[in-house]
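The sequence shown begins at -7 in our numbering and counts up one residue at a time.
Even for Gly, the Cβ is constructed at its ideal location relative to N, Cα and C.
As the structure is a computational prediction, the values presented were derived from the model and not from experiment.
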Amino acid sequence: MEKSRIERLNELAKKAKSGSLTSSELAERDKLRKEYIEAFRSNLKATLDNTVIVDADGNRRSLRKDN
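Given below as structure tokens:
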């Protein structure tokens, strides 16, 4: 997610605390929140998919469940 979009989401969050969001701003905030959460989840999934556990014997295994 672009930095400018995160900054806009933060602006809307601050404005919401004062209770002065319009209906269009509420819709924009909801859309930006969904984008942010989706980006966060995909980044977390990528991190976990590339994480490797090394046990005491030096064996390496991924966190992915092998089927």
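6 Å CB neighbourhood of residue i in its chain, flanking five on each side removed
i	result
Ile71	Since the first residue shown for the chain is -7 and the last is 59, residue 71 is missing from the structure and cannot be characterised.
Beta-carbon gap between residue i and residue j smaller than 8 Å
i	j	result
Leu1	Arg25	yes
Glu17	Leu4	yes
Lys40	Leu55	For the record, residue 40 in the displayed sequence is Leu; it is not Lys. Cβ distance < 8 Å, so Leu40 and Leu55 count as in contact.
Beta-carbon separation (whole angstroms), residue i vs residue j, contact threshold 8 Å
i	j	result
Ala8	Arg21	7 Å
Contact set for residue i: own chain, Cβ-Cβ below 7 Å, skip 5 residues either direction
i	result
Ala48	none
Report task. List in chain order: all unbroken alpha helix (DSSP H) runs of 4+ residues lying wholly within the region 6 to 48. Result -> Listed in chain order, they are 15 to 41.
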